[in-house]
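Have a look at the structure below before the remarks.
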Amino acid sequence: TLMEDLYFFFSCPFCVIIHNSTVTVGEDAILFCQLIGTTERLTRITWQRRTHKSSTNENIFVISSDGKAESVNGLGDRIEFVGNTKEYNGTVRMKNVTSLDHQIYTCIFNIFPSGPFEKEINLNVYGKK
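Going by the UniProt record's numbering, the letters in the sequence shown line up with residues 1 to 129, in that order.
Below, the structure written as structure tokens:
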């Protein structure tokens with residue numbers, strides 16, 4: 001909510017703000033992730049995912065500081081960068097989600113010199129009614 005976002009904005013430097021997402025199979029999911037409280041140099045944003053039963057993350061998407069994005073590990077055109085690196089916004093859209101996308105996603109901001117800041121997002125995917 002807006003009030004929660006404002007609270008985080010004023011109460012914590014270097015905060016990553018996320019929104020968990022719930023979608024139905026076949027819909028697009030927006031995975032919102034933004035770093036606030038810094039003007040340091042962004043070097044990269046990395047997206048990772050893991051299943052609810054796993055403790056190991058795998059890289060799925062990398063965004064360079066100039067906004068160039070690369071999908072890794074098989075998602076291809078199903079994932080796209082819709083954020084803005086100048087605003088420290090690493091939001092991505094995952095197209096045509098399936099039940100296999102029901103996972104935990106991690107958004108990692110690498111900034112210099114302070115290092116990485118990350119937050120986990122739960123993507124809940126439900127079958128069609």
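The beta carbon of each residue, even a glycine, is placed where N, CA and C say it ideally should be.
field: Inter-residue spacing [alpha-carbon to alpha-carbon] between Asp101 and Glu70
entry: 18 Å
task: Measure the Cβ-Cβ separation of Tyr88 and Leu35 and say whether it is below 8 Å.
output: yes
message: Runs of 3 residues minimum, wholly inside the UniProt domain "Ig-like" (13-124): which ones carry the beta strand (DSSP E) assignment?
response: 15-19, 21-24, 29-36, 41-50, 58-64, 69-71, 79-81, 92-94, 104-112
query: Rounded to whole angstroms, how far is the Cβ of Phe117 from the Cβ of Val16, which I believe are closer than 8 Å?
result: 5 Å
task: Mark Arg41 as exposed unless 16 or more other C-beta atoms lie within 10 angstroms of its C-beta, in which case mark it buried.
output: exposed
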